[in-house]
Amino acid sequence: MFKFHGGIHPREDKEPTRLKPIEVAPLPQRVYILLSQHTGAPSKPVVKKGDQVRTGTVIGEPGGTISVPTHSSISGVVADCVELPHPLTGRPTLTVLIDGDGNDTLDDTIKEQNHSQITPQEIIAAVRQAGIVGLGGAAFPTFFKLSPPREKPVDTLIINGCECEPFLTADHRLMLEKPGEIIAGTKFIAQALGVERVYIAIEDNKPDAIQALREAAEGTGFRIVQLKTRYPQGAEKQLIKACLNREVPSGGLPADVGCIVQNVGTAFAVRNAVSFHRPLYERVVTVTGPGVREPKNLWVRIGTPVKNLIEFCGGYQGEPKKIIMGGPMMGIALGSDTVPVLKGTSGILVLNEVQELPEQDCIRCGRCIEACPMGLAPTRLNYSIRAKRWQQAKAEHLLDCIECGCCAYVCPAKIRLVHSFKFGKAEIARLKV
Amino acid sequence: MNETNPTLLVTSSPHITSPITVSKLMWAVVIALLPAFAGSIYFYGVKALFITALSIASALLFDALGQRLFGRKITIFDGSATLTGLLLGFNLPPNVPWWLPVVGSAFATIVAKQFFGGLGHNFINPALAGRAFLVASWPTQMTTSWLAPRGGIIPALPSSALKICTDAVTTATPLNVLKQGSKLVLPDCNPQLLYEQLQSWPVLKNLFFGSTGGCIGETSALLLLIGGGLLIATKVIDWRIPLSYLLTVAALALVLPGHKAGLLNYTLFQLLSGGLMLGAFYMATDYVTSPLTHRGRVIFGIGCGVLTMLIRLWGGYPEGVCYSILLMNVATPLIDRLTPPRLFGQRKAK
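Quick note, the sequences are listed as chains A and B, same order. Mapped onto numbering that gives the first Met the number 0, the consecutive letters of the first sequence carry residue numbers 0 to 432. Mapped onto numbering that gives the first Met the number 0, the consecutive letters of the second sequence carry residue numbers 0 to 349.
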């Protein structure tokens with residue numbers, strides 16, 4: 000296999016949940032379903048207070064071209080539809096509150112599909128109708144990635160099972176427990192894209208998952224690719240480089256190099272959508288960290304408050320200092336444990352000890368440059384941003400930054416480089432530089 | 000779901016960082032220099048310990064004074080001032096008067112470092128700046144205060160050589176003998192004999208193990224290599240600067256004209272003598288004053304090597320390590336500008 004430049008080897012910390020089968024989290028009494036859980040336009044609500052809904056009932060319709068419908072994740076009654084702060088961005092976001100009846104009655108549309116022959120268009124339509132977005136974290140609508148423009152022919156599909164973030168084991172467990180379903184979903188994705196070359200990429204710290212998928216993929220022609228364990232191996236551009244030695248051009252998309260990447264969880268969801276018309280209303284979430292009493296992998300209904308999951312995991316261990324949605328490298332710190340799980344939530348990480356050393360001046364050691372998988376010079380970018388030289392920051396390719404956090408991780412001066420870059424990007428967008 | 004918990008910390012990712020800190024890196028370099036420090040005490044006795052300790056103590060004092068003067072946080076225990084003091088002491092002849100390290104440390108920490116903004120902002124290596132300042136201000140003390148190392152004599156020539164050239168005793172370091180060469184030899188004597196003695200295996204062996212006249216910390220190539228190897232193995236320093244520096248010196252020693260008594264002996268002589276090992280591993284690799292990228296570091300190392308050899312062969316001083324590094328320090332911003340890292344997804348030029 001090929002190598003991408005930079006990257007780091009943080010402590011993996013996957014032990015607490017690596018061997019734990021996925022448990023089903025109890026149905027929450029109330030779910031909070033955001034109508035904007037994906038990149039692109041939010042869904043438009045189609046239910047009102049008092050409406051009866053079932054598990055899988057559409058509660059929001061696509062609000063634009065790049066948008067997907069949103070579904071109820073439990074059966075019950077719509078309690079309200081209000082604006083609440085988005086857990087990740089803090090922006091007011093229309094949210095549907097549903098009080099459960101405890102029955103988990105499925106919507107009528109969910110049933111086994113008996114199609115002997117299915118067309119790519121039907122697959123793409125089913126994927127959109129099921130509200131599937133990229134489950135690796137970015138939550139980009141999947142149907143859109145399955146319909147690349149004609150002038151960008153795609154020859155390779157990569158299914159991403161790297162899960163390179165420390166602590167998280169959701170994808171790992173899914174690969175172990177549902178390998179057949181992942182392969183079935185992968186077939187649908189490959190058919191929708193019309194590609195024959197399919198790679199399933201997994202880091203070599205998960206030999207059991209590699210084995211499971213290898214067995215499940217027998218006879219399909221899919222190639223299981225064992226990659227070196229190195230963060231951020233699972234970042235889209237780095238993964239394509241590692242599998243195909245192709246570099247997505249600066250500012251471009253994977254389709255520019257004839258490639259599409261989908262997460263293993265997404266492949267699983269696609270299988271449910273195509274074979275059962277089952278919308279994306281639940282996902283696997285790793286609840287872990289030193290601040291959780293019994294770390295677990297859980298099947299979680301979208302919209303379940305984080306607090307419920309922590310309670311199911313035995314509650315907090317010590318006093319929580321930081322609650323992170325996602326992994327420790329790219330996850331977002333939450334201001335409250337009452338926020339709900341989103342489609343893109345792969346983990347809840349609770350830290351009960353946080354040591355944030357004060358920033359020192361840069362000593363120009365160059366470690367950030369060595370670690371940056373995008374070939375940027377983080378320390379120079381940081382100076383440009385601090386001086387508010389936006390043109391220069393752009394010229395130094397700030398917009399190529401993937402916010403993987405390698406630079407800030409290795410920085411001996413503990414400079415908050417990612418913080419600086421997020422701020423710089425937001426300012427460039429706001430000022431339209 | 001509106002209430003926020005005020006005890007939760009909400010800061011940007013990443014939420015974990017490596018255990019490496021600036022202070023740990025500085026102390027790692029100090030620790031790597033301890034074998035050489037022990038060696039210098041062995042070779043030059045308590046005088047070396049006294050001068051180096053004085054140099055460190057005054058570096059700490061003046062660094063704190065400078066930080067106080069500019070209203071900065073006092074951070075003298077982060078290892079950086081200790082390292083500056085240690086390196087300055089290593090760059091002094093063992094028999095210098097006591098006030099020389101004090102004045103040198105004051106210049107290094109206050110003028111070269113704190114005047115420009117403190118650690119991370121100095122544009123030249125403080126220890127080398129201190130040494131250069133002392134050489135310019137007190138050239139006599141800086142070039143004649145040599146001591147004979149234990150198990151060796153000034154100027155590290157076998158006694159047979161001293162019979163050939165009686166005047167050599169006062170000139171101290173091997174590089175000095177090489178530079179002044181024919182001037183040292185009595186009229187009826189052949190200077191070639193002197194060069195052959197100078198580059199003979201016993202002398203090279205002394206240069207490698209340390210019983211050779213020179214500055215406090217530069218005598219033992221072996222002990223410096225041990226520490227330098229440790230720093231490279233633990234990735235505290237990048238191997239590119241020392242390697243490109245040493246290879247350039249070796250290559251130039253091979254091709255440039257000089258008083259050669261055999262190519263191999265001469266090349267080894269150039270590599271092992273003077274402050275090259277100390278400079279290549281511990282001073283040229285100073286983060287603050289060397290380039291950021293791999294490519295830049297190779298250019299930096301080559302530049303140091305070229306300048307060192309030019310000064311040694313044709314310059315006014317017998318040794319060129321200090322000035323070559325200082326000159327390349329000044330060139331570092333330019334090198335950084337010319338060697339940006341390679342952007343991922345940069346379309347290849349056709």
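Every residue gets a Cβ at the ideal spot worked out from N, C-alpha and C, and that includes glycine. Bear in mind that the values here come from a model prediction, so they are computed numbers and not experimental data.
Check residue i in the structure and name its three-state DSSP category.
| i | result |
| --- | --- |
| residue 418/A | helix |
| residue 94/A | strand |
| residue 79/A | strand |
| residue 410/A | coil |
| residue 235/A | helix |
| residue 138/B | helix |
| residue 269/B | helix |
| residue 70/A | strand |
| residue 140/A | strand |
| residue 430/A | helix |
| residue 110/A | coil |
| residue 123/A | helix |
| residue 105/A | strand |
| residue 28/B | helix |
| residue 286/B | coil |
| residue 248/B | helix |
Under 8 Å between C-beta atoms, does residue i make it to chain A?
| i | result |
| --- | --- |
| residue 10/B | yes |
| residue 343/B | yes |
| residue 243/B | no |
| residue 332/B | no |
| residue 165/B | Reliability fails at residue 165/B, whose pLDDT of 48 lies under 50, so the model's placement of it is uncertain and no value is given. |
If you measure from the beta carbon of residue i to each beta carbon in chain B, is any gap under 8 Å?
| i | result |
| --- | --- |
| residue 415/A | yes |
| residue 0/A | no |
| residue 151/A | no |
| residue 378/A | yes |
| residue 246/A | yes |
| residue 382/A | no |
| residue 374/A | yes |
| residue 396/A | yes |
| residue 391/A | no |
| residue 95/A | no |
| residue 315/A | no |
| residue 207/A | no |
| residue 137/A | no |
Would you report the Cα separation of residue i and residue j, rounded to the nearest angstrom?
| i | j | result |
| --- | --- | --- |
| residue 8/A | residue 317/A | 28 Å |
| residue 188/A | residue 221/A | 12 Å |
| residue 181/A | residue 174/A | 7 Å |
| residue 246/B | residue 431/A | 50 Å |
| residue 359/B | residue 112/B | Only positions 0 to 349 of chain B appear in the structure, and residue 359/B is not among them; the question remains open. |
| residue 186/A | residue 339/B | 43 Å |
| residue 303/A | residue 345/B | 43 Å |
| residue 36/A | residue 225/B | 56 Å |
| residue 172/B | residue 264/B | 17 Å |
| residue 298/B | residue 249/B | 16 Å |
| residue 275/B | residue 387/A | 42 Å |
| residue 298/A | residue 341/A | 13 Å |
| residue 211/B | residue 25/B | 28 Å |
| residue 419/A | residue 383/A | 10 Å |
| residue 46/B | residue 255/B | 38 Å |
Who does residue i pair with in a DSSP beta bridge?
| i | result |
| --- | --- |
| residue 308/B | According to DSSP, residue 308/B bridges with nothing at all. |
| residue 29/A | 98/A |
| residue 196/A | 155/A |
| residue 324/A | 331/A, 347/A |
| residue 298/A | 23/A, 283/A |
| residue 59/A | 44/A, 69/A |
Hey, quick one: how far does the alpha helix (DSSP H) through residue i stretch, first residue to last?
| i | result |
| --- | --- |
| residue 231/B | 220-232 |
| residue 191/B | 190-197 |
| residue 101/B | 98-105 |
| residue 205/B | 200-208 |
| residue 334/B | 320-337 |
| residue 262/A | Where residue 262/A is concerned, there is no enclosing alpha helix (DSSP H), although the beta strand (DSSP E) it sits in stretches over 258-262. |
| residue 33/B | 33-43 |
Where does the unbroken beta strand (DSSP E) through residue i begin, and where does it stop?
| i | result |
| --- | --- |
| residue 224/A | 222-226 |
| residue 433/A | In the structure as shown, chain A begins at 0 and stops at 432. Residue 433/A is therefore absent and cannot be evaluated. |
| residue 309/A | No beta strand (DSSP E) holds residue 309/A; the alpha helix (DSSP H) holding it covers 305-311. |
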